[in-house]
Amino acid sequence: MTQYAGVDEMPESQRQKQKKQTRKHLITMAFNQLAKDGLINTRTADIAKAAGVSHGTVFAHFPTRDALLTEVINEFGARVTRRLHELAGGGSVHEILEAHLKGLAEFEPFYTRLVREGSLLPESARNTLIMIQSAVSFHLSQAAEREMAAGIIRRLPMHLLFNTWIGLVHYYLANGDLFSPGKPVLERYGKELLEHYLTLITE
Amino acid sequence: MMKICIACGMPMENPADFAMGDPDKDFCVHCARQDGTMQSYEEKLDSLANFIVRTQGLDKQAARDAAKGMMAQLPAWKK
Numbered sequence: 001m002t003q004y005a006g007v008d009e010m011p012e013s014q015r016q017k018q019k020k021q022t023r024k025h026l027i028t029m030a031f032n033q034l035a036k037d038g039l040i041n042t043r044t045a046d047i048a049k050a051a052g053v054s055h056g057t058v059f060a061h062f063p064t065r066d067a068l069l070t071e072v073i074n075e076f077g078a079r080v081t082r083r084l085h086e087l088a089g090g091g092s093v094h095e096i097l098e099a100h101l102k103g104l105a106e107f108e109p110f111y112t113r114l115v116r117e118g119s120l121l122p123e124s125a126r127n128t129l130i131m132i133q134s135a136v137s138f139h140l141s142q143a144a145e146r147e148m149a150a151g152i153i154r155r156l157p158m159h160l161l162f163n164t165w166i167g168l169v170h171y172y173l174a175n176g177d178l179f180s181p182g183k184p185v186l187e188r189y190g191k192e193l194l195e196h197y198l199t200l201i202t203e
Numbered sequence: 001m002m003k004i005c006i007a008c009g010m011p012m013e014n015p016a017d018f019a020m021g022d023p024d025k026d027f028c029v030h031c032a033r034q035d036g037t038m039q040s041y042e043e044k045l046d047s048l049a050n051f052i053v054r055t056q057g058l059d060k061q062a063a064r065d066a067a068k069g070m071m072a073q074l075p076a077w078k079k
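Chains A and B, in that order, give the protein sequences.
Residues 1 to 203, numbered by full-length UniProt numbering, are exactly what the first sequence covers, in order.
Residues 1 to 79, numbered by full-length UniProt numbering, are exactly what the second sequence covers, in order.
Following this line, the structure appears as structure tokens:
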């Protein structure tokens, strides 16, 4: 009996392992496809094709398209906030904004989709964007409070300090086709935007 | 090893990031009460919503809704 149970258990755990791998693979391929074709326009059939699985396999792992989209966006949010935290922890305003640009540049195509299509997406996707912004505003506000007290930067309301920066970066990202056709926007303009912004806020 | 705060999602690396500076804790310094216990759902929701209003300028109710949505993803509050 024990022996049979043992034999039986092996393929089961193999199957589970495989299932997990397929799921992970689907999320990765969906991430790339959504960055390429857009969060609204990408079809599950295209994701299946890119992942090299049947269309039905996608729905064996995710009951609906929205469920897959939410999973990909959540996964993305977790990765970006982790990266921002890694890069930005405890630095000056200058260092934090530099880290912010660096973190975004690593995920620019997908992040741009999220910025452009955010208001059309399910609520969970918008919440992820706010979560990413919260990771940035958390580090920025801590550094800004220190530097305002030290007279390094001007005393400005925290939300406007943050939104002025985000507004600038997002405007360039959302119109990347005009600012930097076919090439990453932040690589080309990041330094200029950062220097300009620091000039505005410096006391 | 880096942990993620179960109550707000903040990555915790240094002892100072943890509640009471204790890396064995699963929640961060910002989610702890003064006595070291973890804040309640309502306390955390209030502080998160206020933080979003203060640092990002969102409408109060919109910030509260977003905070609820974010918290629903975290192990401490997941249903």
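Glycine included, each C-beta is placed from N, C-alpha and C at the ideal position.
Can you check whether the C-beta of A/Ser119 is within less than 7 Å of a C-beta belonging to chain B? Not one chain B Cβ lies under 7 Å of A/Ser119.
With 16 other CB atoms within 10 Å as the buried threshold, where does A/Tyr111 fall? Label assigned to A/Tyr111: buried.
Could you have a look at A/Gly6 and say whether DSSP puts it in helix, strand or coil? Because A/Gly6 sits at a pLDDT of 47, beneath the cut-off of 50, its placement in the model cannot be relied upon, and the following sentence gives the value as read from the coordinates. In the structure shown, A/Gly6 adopts helical secondary structure according to DSSP, grouped into three states.
Let me confirm a value: A/Asn127 is counted as buried when at least 16 other C-beta atoms fall within 10 Å, else exposed. Which label applies? If you draw a 10 Å sphere on the C-beta of A/Asn127, you find 16 or more other C-beta atoms in it, and that means buried.
Where does B/Cys28 fall in DSSP's three states? In the three-state reduction of the DSSP assignment, B/Cys28 falls in the strand class.
N-terminal and C-terminal residue of the alpha helix (DSSP H) that A/Ile40 is part of: Neither: A/Ile40 is in no alpha helix (DSSP H) and is coded neither H nor E.
For A/Leu160, return the contacting residues in chain B, with the cut-off set at a CB-CB distance below 9 Å. Here the neighbours are Gly57.
Look up A/Ile201 in the DSSP assignment and say whether it is helix, strand or coil. In the structure shown, A/Ile201 falls within a helical segment according to DSSP collapsed to helix, strand and coil.
Nearest candidate by alpha-carbon position, reference B/Glu13, set A/Lys36, A/Arg82 and A/Gly190: It is A/Arg82 whose Cα lies nearest to the Cα of B/Glu13.
Within chain A, the residues that B/Ala66 reaches when beta carbons sit closer than 7 Å: Counting only Cβ-Cβ distances below 7 Å, B/Ala66 has contacts in chain A at Asn127 and Ile130, in chain order.
Mark A/His196 as exposed unless 16 or more other C-beta atoms lie within 10 angstroms of its C-beta, in which case mark it buried. By the neighbour-count rule (16 or more Cβ atoms within 10 Å), A/His196 is not buried but exposed.
Using 10 angstroms around the beta-carbon of A/Gly103, count the other beta-carbons present and answer buried if the total reaches 16, otherwise exposed. Classification of A/Gly103: buried, given that the 10 Å Cβ count is 16 or more.
Continuous alpha helix (DSSP H) stretch holding B/Arg33: start and end: Taken as a continuous stretch (DSSP letters only), B/Arg33 belongs to no alpha helix (DSSP H), as it is neither H nor E.
Where A/Ser137 falls: helix, strand or coil (DSSP): Helix at A/Ser137.
Measure the C-alpha to C-alpha separation of B/Pro23 and A/Leu160 and round it to an integer number of angstroms. Taking the straight line from one Cα to the other gives about 35 Å.
Does any residue of chain B have a CB that is nearer than 7 Å to the CB of A/Arg82? Yes, its Cβ sits closer than 7 Å to a Cβ of chain B.
Count the other CB atoms, across all protein chains shown, that sit within 10 Å of the CB of B/Asp17; report buried if there are 16 or more and exposed otherwise. Classification of B/Asp17: buried, given that the 10 Å Cβ count is 16 or more.
Cβ separation of A/Ala144 and A/Val80, assumed to be a contact under 8 Å, to the nearest whole Å: Separation of the CB atoms of A/Ala144 and A/Val80 is rounded to 21 Å, and the pair is thereby denied contact status at 8 Å.
With a threshold of 6 Å, establish whether the CB of A/Met148 neighbours any heavy atom of the ligand ADP. Questions concerning the ligand ADP fall outside what the structure shown contains, since it holds no ligand whatsoever.
Paired residues, beta bridge with B/Met12 - DSSP: In the DSSP assignment, B/Met12 is bridged to B/Lys3.
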